[in-house]
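Participant: After the structure tokens below, expect a handful of questions from me.
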Amino acid sequence: MYHYLGVFTLLAVVPTVASYCKCVPGQECWPSEDQWARFNYSINSQLIATNPVASPCYRGTLSDNKTCDMIARSWSSADFQSSQPIGYAYPLNNSCPLVISTSPLPESQCTVGGFPTFAVNVTSEDHIVDTIQFAKLNNIRAVLKSTGHDFLQRSTGHGSISIWLRHLRQGFTFNNHKVIQDCFGTVWNGSTLTIRGSYAWSDLYEAAAQNDVILVGGNNEGPSSTGGWVQGGGHSPVTRYYGLGANQVLSARVILASGEIVQANRCTNSDLFYAIRGGGGGTFGVVTEMTVKTYPSRNVTVAKLTIESQGEDTIAGFLDAVTEVYASYPRLSLKGFAGYGYWSAHVTPSGNVTKPAHSFQQSFIMLGVSLQHAQESFSSLSNSLARNQSNRGVQVSISWHTYYKYASYYKSKDDTVARVGSVSALSSRLLDAEALSQNITKLRRAMDVMAGSPGKPVYHTIVHHGMELSEKSLGRDGSGVQPGWYRSVILDIFERAMNGTQVSQNLDAFAHLRQVLTPTYRELSPKTGTYMNEADWGDLNWQEDFFGSQWKNLSTVKAKYDPNGVFYCETCVGSDEWHINNGGALCQV
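Per mature numbering (1 follows the signal peptide of the UniProt record, and there is no 0): the sequence shown = residues -19 to -1, 1 to 570.
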């Protein structure tokens, strides 16, 4: 599936474009075979000439039926995709999709396309520094990839060299009690975790359980703990109690575009420290180490709410019930509830189901309380749903579960391992308490749009974080997070299914997303923005929506630490100074 650099064919030479563009394969400025070989030698043969993950499934030089069968079985595994140099969880516009056929397509229909041409399998900081210097010397676009768990294609790039961090793993250390002080005084008086390298959350959660602590990590265990998840904000099952992932970072080690390795904390390179905690990954530098807060384990009480109905004659009652849940989020947040939910309506029937299906499911969690306390706190919503949905063809059920330790609760969840390998037309919006509970009639009208229509269902993921109504100190740590997080109660991620991975073949879904759904959400909550890591890559208002009032300060930090744009990713800070030309090259505006 991929091979370390040996002998490869030198690409045909075409005239060089203007000097303000990054060099791409086929141009005279592109490094020669000998230059690549010498660079490979200098980094201990860690350079990989990339091939598409699915290339063994195409007829040609890389064809291999046995390997193709393995790829087909593994395609939807996040761990498999992250183990490939140019494997991506959500490969939009994939120019070599997985196609299983008794008559394989020719390899001419399988190209690297917009993915990196080379990748460096870094296992040390020296590899990263050397790759940065080589990219600068040869004017090549550099991108960063940890696990490739990204909806916005920020780890891809035509003609780029990828700094692939998956195997940068130099250990992690728990400290059960550590008083951290700096020039401002005591920063933290509690347990910590120092992560040296790029570990997925799945690598850390078992160790956290053994140390009897809670990590503010991803609900999905696939993303990197030091990569784009935390650098973009990072929501967690316990965000209601402890804040976002970015709020947990106490210090970091960063390799800059200059090749210099620096420490970043509240006193040293404080502006960089601010930026990498919520200002987005892939653009300020390469984070190779982080120290984060951890918390004593607590018991967890869970209410699992399910609302279901079938048939278009029940859709009004179903959406009335969902609206009631949305309107209850602020009140539930005040009481201490949080959690993840999923819902959809107008889903085409399959199997034994003969009518369109409508379904809502959410787990509401509370930490450190008794079952009786949690049930009493939830009773207002449960009683109202039962009363209002009787005899309307809508089934409502609630079950309760208790866990003595947080780790036991997390292991019981069925939404921590994502199926990947496909894409959707996706966007999101942070919704505040006013949008959810101030005007229920307006919310109910919006719900008709948010649900989609027969044949065009919209799938929702609800991140009920509740920070607008939690401890106000959570958003006052000087991080670069989009401020809308702290002025909102939920993040609503909404998506339409796509046929294949090509945008050009799914224009209707994207038009619906951008012309119908997004304006409806924006009208509901105009000032909150959204979460940059789970958003629409084509959002025309991305600077405001992803960064809010942080944009100007973050741009200043980018200009200071990477003035020449060594690191670039679409919709990242600094990307407004570049564009992709018709030949796929990255050029200054």
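By construction, the Cβ of each residue, glycine as well, lies at the ideal position given by its N, Cα and C atoms.
#1: Tell me which residues share the same chain as T499 and place their Cβ nearer than 6 Å to its Cβ, disregarding the 5 neighbours each side in the sequence.
#2: So, helix, strand or coil for D163, using DSSP?
#3: By DSSP, does K3 sit in helix, in strand, or in coil?
#4: Specify the secondary structure class of K541 as computed by DSSP and reduced to three states.
#5: According to DSSP, what are the bridge partners of S102?
#6: Does DSSP classify F475 as helix, strand or coil?
#7: Rounded to a whole number of angstroms, what is the C-alpha to C-alpha distance between N420 and T207?
#8: What's the gap between the Cα of P544 and the Cα of A116?
#9: Only counting the same chain, and skipping five residues up and downstream in sequence, which positions put a Cβ closer than 8 Å to that of E551?
#10: Quick check: F96 and I67, are their CB atoms within less than 7 Å of each other?
#11: Thinking C-alpha only, which one of A188, R147 and Q191 is nearest S179?
#12: Below 8 Å on the Cβ atoms is my contact criterion, and I expect V547 with A238 to pass it. Report the Cβ-Cβ distance as a whole number of Å.
#13: Can you tell me whether T(-4) is helix, strand or coil according to DSSP?
#14: Whole-angstrom Cβ separation of Y307 and L424, contact assumed at under 8 Å?
#15: Over the uninterrupted beta strand (DSSP E) stretch that includes G320, give me the two end residues.
#16: Give me, in chain order, the residues of the same chain whose beta-carbon lies closer than 6 Å to that of G402; leave out the 5 immediate sequence neighbours on both sides.
#17: By Cβ distance, which residues of its chain are closer than 6 Å to Q531, with the 5 residues on each side in sequence left out?
#18: Can you name, in chain order, every residue of its own chain whose Cβ lies under 7 Å from the Cβ of V303, other than the five neighbours on each side?
#19: Please list, in chain order, all residues of the same chain as P204 whose beta carbon is under 7 Å from its beta carbon, the five residues on each side excluded.
#20: Looking only at DSSP bridge pairs, what is E289 linked to?
#21: Counting C-beta neighbours from all protein chains within 10 Å, is the total for G459 16 or more, i.e. buried, or is it exposed?
#22: Cα-Cα, which of R40, T98 and Y1 is closest to G7?
#23: Which class does T87 belong to by DSSP, given the choice of helix, strand or coil?
#24: Any chance the stretch 268 to 281 sits against the stretch 167 to 178, with 3 or more Cβ pairs inside 8 Å?
#25: Looking at the structure shown, is I113 part of a helix, part of a strand, or coil, going by DSSP?
#26: Let me know the alpha helix (DSSP H) ranges lying completely inside the stretch 418 to 447, each 4 residues or longer, listed in chain order.
#27: Quick check: the stretch 308 to 315 against the stretch 374 to 391, are there 3 or more CB pairs under 8 Å?
#28: May I ask you to verify whether the stretch 73 to 83 touches the stretch 470 to 488, counting CB pairs closer than 8 Å and requiring at least 3?
#29: The alpha helix (DSSP H) spanning I81 covers which residue range?
#30: Would you mind sorting F165 into buried or exposed? The rule is 16 or more other CB atoms within 10 Å of its CB.
#31: Between the Cα of H446 and the Cα atoms of K437, V334 and T220, which residue gives the shortest distance?
#32: Which residue spans inside the stretch 15 to 44 form an unbroken beta strand (DSSP E) run of at least 3?
#33: Taking 7 Å as the CB-CB limit, is A540 close to chain B?
#34: Which residues in the same chain have their Cβ closer than 7 Å to the Cβ of P330, if we skip the five residues on either side of it in sequence?
#35: Where does C568 fall in DSSP's three states?
#36: What separation, rounded to the nearest whole angstrom, lies between the Cα atoms of V103 and D60?
Facilitator: Straight from the coordinates:
#1: Taking the first residue of the sequence shown as 1, we reach residue 499 at position 518. Around T499: S408.
#2: Position 182 of the sequence shown, counted from the start, is the residue given in the question as residue 163. Reduced to three states, the DSSP call for D163 is strand.
#3: The residue labelled residue 3 in the question sits at position 22 within the sequence shown. DSSP places K3 in the coil class of the three-state scheme, outside both helix and strand.
#4: Mapped onto the sequence shown, residue 541 falls at position 560. It is helical.
#5: Here residue 102 is taken as the residue at index 121 of the sequence shown, counted from 1. Strictly speaking, residue 102 in this sequence is Asn, with Ser absent from that position. W145, per the DSSP bridge assignment.
#6: Residue 475 sits at position 494 when you count from the first residue of the sequence shown. F475: strand per DSSP, three-state reduction.
#7: In the sequence shown, counting from the first residue as 1, residue 420 sits at position 439. In the sequence shown, counting from the first residue as 1, residue 207 sits at position 226. Distance between the alpha carbons of N420 and T207: 40 Å.
#8: Taking the sequence shown and counting its residues from 1, the one referred to as residue 544 is at position 563. Taking the sequence shown and counting its residues from 1, the one referred to as residue 116 is at position 135. Each residue's alpha carbon lies about 15 Å from the other.
#9: In the sequence shown, counting from the first residue as 1, residue 551 sits at position 570. Excluding sequence neighbours, E551 sits near L133, Q134, R135 and W518.
#10: Indexing the sequence shown from 1 puts residue 96 at position 115. Indexing the sequence shown from 1 puts residue 67 at position 86. In this structure, F96 sits near I67, with a CB-CB distance shorter than 7 Å.
#11: Taking the first residue of the sequence shown as position 1, residue 179 is located at position 198. Residue R147 holds the alpha-carbon nearest to the alpha-carbon of S179 among A188, R147 and Q191.
#12: Within the sequence shown, numbered from 1, the residue matching residue 547 stands at position 566. Within the sequence shown, numbered from 1, the residue matching residue 238 stands at position 257. Indeed, because the Cβ distance is near 4 Å, the residues count as touching under 8 Å.
#13: Counting from one through the sequence shown, the residue named residue -4 turns up at place 16. Reliability of the predicted coordinates at T(-4) is poor, the pLDDT of 44 falling under 50, and the value obtained from them is presented with this limitation in mind. Here DSSP, grouped into helix, strand and coil, assigns T(-4) to coil.
#14: Reading the sequence shown from its first residue, position 326 is the one you call residue 307. Reading the sequence shown from its first residue, position 443 is the one you call residue 424. At roughly 6 Å, the Cβ-Cβ gap stays under 8 Å, so Y307 and L424 are in contact.
#15: Counting from one through the sequence shown, the residue named residue 320 turns up at place 339. For G320, the enclosing beta strand (DSSP E) begins and ends at A319 to V328.
#16: Translated into positions along the sequence shown, residue 402 becomes position 421. Only W56 and S57 meet the Cβ criterion.
#17: Mapped onto the sequence shown, residue 531 falls at position 550. Only G461 meet the Cβ criterion.
#18: Here residue 303 refers to the residue found at position 322 of the sequence shown. Excluding sequence neighbours, V303 sits near I288, W324, F341 and M428.
#19: Here residue 204 is taken as the residue at index 223 of the sequence shown, counted from 1. Within the same chain, Cβ atoms closer than 7 Å to the Cβ of P204 are found at T128, H130, A181, W182 and W210, the five residues on either side in sequence being excluded.
#20: What you label residue 289 is simply residue 308 of the sequence shown in a count that begins at 1. Bridge partners of E289: S340 and Q376.
#21: Within the sequence shown, numbered from 1, the residue matching residue 459 stands at position 478. By the C-beta density criterion, G459 is exposed, having fewer than 16 other C-beta atoms within 10 angstroms.
#22: For this step, residue 7 is matched to residue 26 along the sequence shown. Here the closest residue by C-alpha is T98.
#23: The count along the sequence shown starts at 1 and reaches residue 87 at position 106. The sequence shown places Pro at residue 87, rather than the Thr named in the question. P87 carries a strand assignment under DSSP once its states are collapsed to helix, strand and coil.
#24: Counting Cβ pairs under 8 Å, three or more are found: they touch.
#25: Locating residue 113 in the sequence shown gives position 132, counting from the first residue. Three-state result, I113: helix.
#26: Note on the stretch 418 to 447: whole alpha helix (DSSP H) runs with a minimum of 4 residues are 421 to 431, in chain order.
#27: The stretch 308 to 315 is not in contact with the stretch 374 to 391.
#28: Counting Cβ pairs under 8 Å, three or more are found: they touch.
#29: On the sequence shown, position 100 is the one that residue 81 refers to. Per DSSP, I81 belongs to no alpha helix (DSSP H) and is neither H nor E.
#30: Residue mapping note: residue 165 aligns to position 184 of the sequence shown, counting from 1. Exposed is the call here.
#31: As a working note, residue 446 is residue 465 in the sequence shown. When each option's Cα is compared against that of H446, the closest is T220.
#32: Qualifying beta strand (DSSP E) stretches, in chain order: 28 to 30.
#33: Of the protein chains in the structure, only one exists, and it is not chain B.
#34: Within the sequence shown, numbered from 1, the residue matching residue 330 stands at position 349. Taken in chain order, the residues that qualify are K336, P337 and A338.
#35: Taking the first residue of the sequence shown as 1, we reach residue 568 at position 587. In the three-state reduction of the DSSP assignment, C568 falls in the strand class.
#36: Here the question's residue 103 lines up with position 122 in the sequence shown. Here the question's residue 60 lines up with position 79 in the sequence shown. When rounded, the distance between both Cα atoms is 18 Å.
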